Amino acid sequence: MNTSTILVTAMGCGLAALLFAWWKTQWINRQDPGTERMQEIGAAVREGAMAFLSREYRVLALVVVLVAVLLAVINSGPVKLVAGAFVFGAFCSALSGFFGMRVATASNMRTTHAARTGLPAALQVAFSGGAVMGMSVVGLGLTGLTLTFLVLRARYGMELEAMTASILPILAGFSMGASSIALFARVGGGIYTKAADVGADLVGKVEAGIPEDDPRNPAVIADNVGDNVGDVAGMGADLFESYVGAIVAAMVLGATITVGGSWDIQFILLPLVIAGAGILFSIAGTFFVKTKEGGNPQAALNQGTFGACGIMAVATYFICKGMLPPEFAIPSATGGDLLPLTSFGVFMATVVGLIAGAIIGLLAEYYTAEGKGPSNSVADASETGAATNIIAGLGVGMVSTAAPVLVLSVAVIACYYFAGLYGIALGGLGMLATTGIQLAVDAYGPIADNAGGLAEMAQLPPEVRQRTDKLDAVGNTTAAIGKGFAIGSAALTALALFAAFRTTVDLPVIDVTDPKVMAGLLTGAMMPFLFSAFAMKAVGQAAFAMVEEVRRQFKEIPGLLEGKEGAKADYARCVDISTAAAIKKMTVPALLGILTPVGVGFIFGKEMLGGLLAGVTASGVLMAL
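This is the structure:
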C-alpha cells in the first residue's frame, strides 16, 4: 500500500471506533431508564458530573491557551505550528472525556433497571457504557493524529528532512496537548473522588451507622459523581495520553531507521496501522463479553479482553511482514554502531508488549480480587483493629510492586533485544493496541458502582442490589486491572519518549557520574512523592470540609438522620464542595508536573533534564503501582 492509502485506512479505523461509540450510545439511550425515583437520582448524578467537567474544562481551556501562546512564541519556522497541534490534542482528549462522561451517567440508571430482570442484561448495559468511553478515546486519538499528519504532509511533503524537522515535532505537540489534559483530569478527578468518598463514608457509615449509598447521607450523590469524574473521565484522559504518546514515540524513533543506508517511511507509518488494527479487534472483542444468570462477569470481561489481544497478536505478524523490509538497521541505545534487525523482531517486540500488559493485568487482578490471598490477608488483619488492617494493607501494596516491575523489566530487555529502541516503543504500543476494549472494561466499573448506589437509594428489591453488587465487585477488580495496564503502558511509553528525547536533543549517553545528571536523578525521584503529597493534602482538606458539611446537615435538618418523610438532604451543597476543592487544589500539583522539567531544562541544561526524566520514571512507576 502507498502512503496515502495507509493514512486513509488508519483514519478509517479511527472513524469506525467513533461510529461504533455512536451506535452504542443510541442503543443505551433506547434502554428503559427505570422508575421516576431512579431517573431523579440518575439526573442528579449526571448534573453533578457534567457541572464538574464544565468547571474543570474552563480552567483547562485557560491553561491550554496560555501554553499554546508560549509555544508559538518560543518556536520559530514551521515548528510554530506545534502550538496548534497542542490545542488540537487537548481538544480531542477533552472531547473524549465529555462523550464518555455523558454516556456513563446515562448508563447507570439503565444498568440498575436491567438488573431488575437479570445479571446478563445489567452486564450488557454497563459494559456498553464503558465501550463508548473506550472507543471515543482511541477513535479521537487515532483520527486526530492521522488528520494532523495528513495536513502536515500536504504542507511540507514526505522527505526525511521535512519529517524530522517539521512534521514529527509538530505531532509531538498533539501528544503534549493530550498530556496536559490527562494531568489535570487525573489530579482533579482524584481529589474530587476521594474527598467525596471519605466524607460520605466517615460520617455516614462510621459515625451515623447508616448503610453505604443511603439517601439520608448528604454526600451520597457527590460520592457517585466522584466515581465518574475519577474513573471515567480521569482514566480516559490518562489512557488517551499514553495511547497517543506511544504512537508518536514510535513514529519519531521510526525516522531513525535505515534500510540499505536510506530511510523508509513505512517505519513511521507502522504504529498508525497497528493502532488501527487494534481498534478493529477491540470492537470485535466487545461482542465476546456475555454471561448468563449466576455466571461470572469477570470471566466474560476477560474473554473479550484476552480474545482481542490474541487476535491482535496474530494480525501484527502479517502487518509487520507486509509493511517492513526483511532486514534493516537502527541506532543503538548508546549511540554507537547501528543494530541489524528484522521485521520478525519488530513483530516479537510488539507481542512482548501485549503479553506483558496481559500479565500485569492478571497480577493486578490477583492482588485486588475478592477471595484472593492478598485481599483475604488484609481482611483477616482487620479482626484485631484498624492499625493492623492499615499495616497489612501497606505491606500488600508494597509487595504488589515487585512482580509487575520484574515483568516490565523483562519486557524492556526483550523489546530492545528484538528491535532496539524502536521495539521498546512498539512494546508500549502493543500493550495499548487494544486500549478500546481495555478502557471499556475499566469504565464499566464506575457504571456498575453507580448502579448499586441507585438500587439502594431507590429502595429496589434486595435481589437487584445483589446483582449490582456482583457487578460492582468485579468492577473494583477491573479498575485495578485498568490501572495496571495504564501504569505498565505509561512506563514503556515514557521510556520510548525518553529515547525520542535523547534523539531530538542529541544526548547519546546519560552519565550518572556527571553531577548534573545525579542531581537530576535525585530531583526526579523526589518529584512523585512531592506531587503525591500535594494531592494527599488536597484530599484531606476537601474531605474535612465535606465531613463538616455532612455533620451540619444531620444536625440542622430535622428528621434527616431518622429518615422522616419530608426531610431531604442538600446533595448539591456537597457536590459543590468537592467540585470547588478539586478545581482549586489541582492547579499546584499539575503545574508542578508541567513547569519542573521546563525549568530544569532551561536553567541546568539537557543533561540534568535527562536525569530528571529518568528519576521521575523509575520512582513514579513504583508509586503508581
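First residue of the sequence shown? That's 92 in the numbering used here, and the numbers climb one at a time after it.
Ideal placement from N, C-alpha and C gives every residue a C-beta, glycine not left out.
All of these numbers come straight from a predicted model, not from anything done at the bench.
For this session: Specify the secondary structure class of A313 as computed by DSSP and reduced to three states.
Result: helix
Exercise. Hey, V155 and G317: beta-carbon distance below 8 Å or not?
Worked result: no
Exercise. Would you call A149 buried or exposed, if buried means 16 or more other Cβ atoms sit within 10 Å of its Cβ?
Worked result: The residue asked about is misnamed: residue 149 is Arg in this sequence, not Ala. R149 is exposed by the Cβ-count criterion.
Exercise. For L499, which option in A571, G248, M522 has the closest C-alpha, if you only look at C-alpha atoms?
Worked result: M522
For this session: With a threshold of 16 other CB atoms inside 10 Å of the CB of A502, please say whether the residue is buried or exposed.
Result: buried
Problem set entry | Every unbroken alpha helix (DSSP H) within the stretch 146-228, with a cutoff of 4 residues, ordered by chain | 173-206
Exercise. Anyone know if the C-beta pair for T441 and I365 falls short of 8 Å?
Worked result: yes
Exercise. If we call anything under 8 Å between Cβ atoms a contact, is G139 one with V641?
Worked result: no
For this session: Could you confirm whether any beta carbon from chain C is found closer than 8 Å to the beta carbon of A107?
Result: Within the model displayed, chain C is absent; a lone protein chain is all it includes.
Exercise. Between which two residues does the alpha helix (DSSP H) containing P465 stretch?
Worked result: 464-472
Exercise. Where do the ends of the alpha helix (DSSP H) carrying K115 lie?
Worked result: 94-121
Exercise. If you draw a straight line from the alpha carbon of L682 to that of E653, how long is it in whole angstroms?
Worked result: 45 Å
For this session: Would you check if the distance between the CB atom of F111 and the CB atom of I374 is smaller than 8 Å?
Result: yes
For this session: Identify the continuous alpha helix (DSSP H) that holds M677 and give its terminal residues.
Result: Taken as a continuous stretch (DSSP letters only), M677 belongs to no alpha helix (DSSP H), as it is neither H nor E.
Problem set entry | Beta-carbon contacts of G719 that lie in its chain and below 6 Å, excluding the five residues immediately before and after | For residue 719 there is no data in the structure shown, the boundaries of the chain being 92 and 716.
For this session: Please classify P552: is it buried, with 16 or more other beta-carbons within 10 angstroms of its beta-carbon, or exposed?
Result: exposed
Exercise. Does the Cβ-Cβ distance between A626 and G281 come in under 8 Å?
Worked result: yes
Problem set entry | For I348, the three-state DSSP class (helix, strand or coil) | coil
For this session: Measure the Cβ-Cβ separation of E456 and A571 and say whether it is below 8 Å.
Result: yes
Exercise. Does DSSP put E418 in a helix, in a strand, or in coil?
Worked result: strand
For this session: Would you mind working out which of V242, F190, M439 sits nearest A108, comparing C-alpha positions?
Result: F190
Exercise. Which whole-angstrom value describes the C-beta separation of G369 and A101, a residue pair presumed to lie in contact below a C-beta threshold of 8 Å?
Worked result: At roughly 11 Å, the Cβ-Cβ gap does not stay under 8 Å, so G369 and A101 are not in contact.
For this session: Measure the C-alpha to C-alpha separation of M414 and A134 and round it to an integer number of angstroms.
Result: 50 Å
For this session: Report the three-state DSSP secondary structure of P431 (helix, strand or coil).
Result: strand
Problem set entry | Cα-Cα separation, A483 to D292 | 21 Å
Exercise. How long is the line joining the alpha carbons of V532 and G221, rounded to whole angstroms?
Worked result: 6 Å
Problem set entry | Bounding residues of the alpha helix (DSSP H) (the contiguous stretch that carries V289) | 259-291
For this session: Hey, could you find the ends of the alpha helix (DSSP H) G376 is sitting in?
Result: 357-377
Exercise. What did DSSP end up calling P306 once you bin it into helix, strand or coil?
Worked result: coil
For this session: Quick one: grab the DSSP three-state call for E639.
Result: helix
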